[in-house]
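Reading through the structure tokens given below for one structure.
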Amino acid sequence: MRTDPGEADQLIAAITIKVSSFFRNPLVFELVAQEILPDIIERKGRRRNREIRIWSAGCATGEEAYSLSILIHQAMKGKLADWAILIFATDLDASAIETARAGVYARDRLESVKLGVLDKYFDAVGERFRVRPFLRRIVRFSQDDLTSPKLTSPSESIFGAFDLVFCRNVLVYFSPEVQAEVCRKLYKSLARGGYLVLGDSESLSKKMESKFQTLDSKNRIFRKPLR
17 MRTDPGEADQ LIAAITIKVS SFFRNPLVFE LVAQEILPDI IERKGRRRNR EIRIWSAGCA
77 TGEEAYSLSI LIHQAMKGKL ADWAILIFAT DLDASAIETA RAGVYARDRL ESVKLGVLDK
137 YFDAVGERFR VRPFLRRIVR FSQDDLTSPK LTSPSESIFG AFDLVFCRNV LVYFSPEVQA
197 EVCRKLYKSL ARGGYLVLGD SESLSKKMES KFQTLDSKNR IFRKPLR
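Residue numbers 17 to 243, in my numbering, belong to the letters of the sequence shown in order.
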């Protein structure tokens with residue numbers, strides 16, 4: 017690793033978990049589509065603040081971030097030009113980020129995608145499927161270390177103030193101390209009234225439980241209070 021810089025990337029690729037698929041845990045995405053996004057859009061529209069900021073932390077090969085972009089497009093009824101939609105997606109693994117940016121996936125990654133959605137948002141490329149350009153344009157992928165003390169939000173986002181943060185199936189791999197620090201970072205990155213979604217086997221650290229409102233304990237959906 018001292019003599020070959022590429023060796024560090026190979027080590028990260030070997031030990032990081034990249035299991036992902038579109039609309040993984042469909043019920044969570046249904047709740048986002050039916051309850052969370054309408055609330056965000058209504059509040060922002062009322063204040064004439066037509067910017068929505070989302071962070072997919074630990075995005076692996078990008079399926080989660082693109083799933084969120086599809087839900088946003090559906091919620092906006094295709095009128096993305098009327099809003100500034102910013103979806104930041106980060107992962108430690110550089111090779112996973114490269115795959116995400118390409119946006120081309122095997123059929124088994126799309127098992128939870130409805131047929132109409134597949135036809136509307138993907139182009140067939142041989143036996144694989146590519147996310148259409150108008151969705152790829154609103155997702156910004158970058159390599160970031162969620163545990164780094166130097167970062168409280170994605171480096172490309174400049175600042176936090178996220179309306180929605182997905183950090184699913186990431187905390188479970190960390191020690192309790194690191195989990196607590198990441199939870200604190202996620203809290204700081206959220207705007208007032210912003211939503212946090214964790215994985216179904218994860219929970220907030222004890223110190224952060226009182227900071228959030230628990231909206232759905234089963235599906236691990238939390239909210240930073242408006243005040």
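Ideal Cβ placement from N, Cα and C applies to all residues, glycine included. Everything numeric in this text was worked out from a predicted model, so none of it was measured.
For residue j and residue i, the rounded distance between their alpha carbons
i	j	result
Lys14	Ser191	Look at the range of the chain in this structure, 17 to 243, and you will see that residue 14 is not part of it.
Leu96	Ala177	20 Å
Glu197	Cys183	13 Å
Pro42	Arg243	31 Å
Trp99	Arg69	11 Å
Ile57	Glu46	16 Å
Leu131	Arg40	16 Å
Val120	Asn65	33 Å
Glu23	Asp161	17 Å
Thr76	Leu212	It is worth fixing the name first, because residue 76 is Ala in this sequence and not Thr. Answer to the nearest angstrom: the Cα atoms are 18 Å apart.
Ser128	Val194	32 Å
Glu67	Lys223	31 Å
Arg59	Ile52	11 Å
Thr163	Thr115	22 Å
Ala74	Met17	The identity of residue 74 in the sequence shown is Gly, whereas the question assumes Ala. One C-alpha to the other measures close to 24 Å.
Arg117	Asp135	20 Å
Asp55	Thr19	52 Å
Arg63	Gly215	31 Å
Ser226	Leu108	29 Å
Leu220	Ser85	26 Å
7 Å Cβ shell around residue i - same chain, five flanking residues per side excluded
i	result
Gly94	none
Arg125	Ser37, Phe38, Glu79
Phe138	Phe145, Arg146, Val147, Arg148
DSSP three-state assignment for residue i, whether helix, strand or coil
i	result
Leu180	strand
Thr19	coil
Ser158	strand
Leu214	strand
Val147	strand
Leu27	helix
Leu242	coil
Val188	helix
Arg208	strand
Leu202	helix
Leu96	helix
Beta-carbon contacts of residue i that lie in its chain and below 8 Å, excluding the five residues immediately before and after
i	result
Ala49	Leu87, Gln90, Ala91
Leu167	Asp160, Asp161, Lys201
Same chain, Cβ closer than 6 Å to residue i, five either side skipped, listed in chain order
i	result
Leu231	Ile237, Arg239
Gly210	Phe178, Asp179, Lys240
Asp25	Ala110
Below-7 Å beta-carbon distance, residue i vs any chain C residue
i	result
Thr163	Checking the listed chains, one finds no chain C in this structure; it contains a single protein chain.
Original post:
What are the start and end residues of each continuous beta strand (DSSP E) run of 3 or more residues lying completely inside the stretch 42–93, in chain order?
Top reply: Scanning the stretch 42–93 from its first residue to its last, the whole beta strand (DSSP E) runs of 3-plus residues come out as 67–73.
Original post:
Counting Cβ pairs, one atom from each stretch, are 3 or more of them under 8 Å apart for the stretch 138–146 and the stretch 99–107?
Top reply: Contact between the stretch 138–146 and the stretch 99–107 is absent, because fewer than three Cβ pairs lie under 8 Å.
**OP:** Check whether the stretch 131–143 touches the stretch 157–175, counting contact only when three or more Cβ pairs, one atom from each stretch, lie closer than 8 Å.
**Re:** Not touching, per the Cβ criterion.
Subject >> Cβ contact check for the stretch 74–91 and the stretch 156–165: 3 or more pairs under 8 Å >> reply: Touching, yes.
Original post:
In chain order, which continuous runs of the alpha helix (DSSP H) of length 4 or greater are located wholly inside the stretch 100–134?
Top reply: The DSSP assignment places complete alpha helix (DSSP H) segments of no fewer than 4 residues inside the stretch 100–134 at 110–118, in order along the chain.
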